[in-house]
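> Residue numbers (the numbering used here): 30 to 149.
All residues carry an ideal CB built from backbone N, CA and C; glycine is no exception.
One structure is given below, represented as structure tokens, and several questions about it will come after.
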């Protein structure tokens with residue numbers, strides 16, 4: 030159970046690392062514009078805002094990675110904290126930006142959280 034939980038936490042962390050790259054470094058690229066449904070002009074105008082948002086996603090990934098590296102109880106606490114933040118941020122994003130975030134961010138976060146709690 031612990032292995033499955035850690036794999037899921039790692040997957041959520043990787044999703045957020047990918048989001049960091051898209052938002053901080055590739056925001057104006059065709060790939061990022063397709064992923065976020067933005068136009069070229071909007072992407073250019075919002076580049077600084079997207080980079081800031083990407084930084085926050087980096088903090089989420091860092092918390093999850095720390096949770097995977099640290100020993101318990103610290104590792105467990107960071108996993109809980111990181112996953113709770115991912116889920117809350119995803120719910121807010123789904124309510125304000127795109128329902129697709131429920132599948133991309135919230136669902137993996139909830140699954141990982143369930144397995145982390147079951148493995149405890």
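How about residue 148 and residue 30: do their beta carbons lie closer than 8 angstroms?
Within the chain shown, residue 148 is the residue found at index 119, counting from 1. Within the chain shown, residue 30 is the residue found at index 1, counting from 1. Taking 8 angstroms as the Cβ cut-off, residue 148 and residue 30 qualify as a contacting pair.
> What would DSSP say about residue 87, mapped onto helix, strand or coil?
Stepping through the chain shown from its first residue, residue 87 is reached at position 58. Residue 87 falls in the helix class under three-state DSSP.
> Have a look at residue 65 and residue 115 and give me their C-alpha separation to the nearest angstrom.
Looking up residue 65 in the chain shown gives position 36. Looking up residue 115 in the chain shown gives position 86. Those two C-alpha atoms are separated by around 18 angstroms.
> Looking only at its own chain, which residues have a Cβ that is under 8 angstroms from the Cβ of residue 40, when we skip the five neighbours before and after it?
Walking along the chain shown from the start, residue 40 turns up at place 11. Closer than 8 angstroms at Cβ, skipping near neighbours: 137, 141.
> What runs of the alpha helix (DSSP H), each 4 residues or longer, lie entirely inside the stretch 53-119?
Here the runs fully enclosed are 59-65, 69-74, 76-98.
> Report the CB separation of residue 34 from residue 107 in whole angstroms; it is logged as a contact under 8 angstroms.
As a first step, residue 34 must be located in the chain shown, where it is residue number 5. As a first step, residue 107 must be located in the chain shown, where it is residue number 78. Actually they do not touch by this definition, with Cβ atoms about 13 angstroms apart.
> Tell me which residues share the same chain as residue 123 and place their Cβ nearer than 7 angstroms to its Cβ, disregarding the 5 neighbours each side in the sequence.
Taking the chain shown and counting its residues from 1, the one referred to as residue 123 is at position 94. Closer than 7 angstroms at the Cβ level, and outside the excluded window around residue 123, lie 130, 131, 135.
> Using the beta-carbon count (16 or more within 10 Å), is residue 86 buried or exposed?
To locate residue 86, count along the chain shown from 1; it is residue 57. Buried.
> Measure how close the beta-carbons of residue 92 and residue 119 come, nearest whole angstrom, since I'm counting them as under 8 angstroms.
For the purposes of this step, residue 92 is taken as residue 63 along the chain shown, with counting starting at 1. For the purposes of this step, residue 119 is taken as residue 90 along the chain shown, with counting starting at 1. Not really, about 15 angstroms apart at Cβ, beyond 8 angstroms.
> Please state if the CB of residue 55 and the CB of residue 63 are separated by a distance shorter than 8 angstroms.
Counting from 1 along the chain shown, the entry for residue 63 is found at position 34. Counting from 1 along the chain shown, the entry for residue 55 is found at position 26. Not in contact: residue 63 and residue 55 (Cβ atoms no closer than 8 angstroms).
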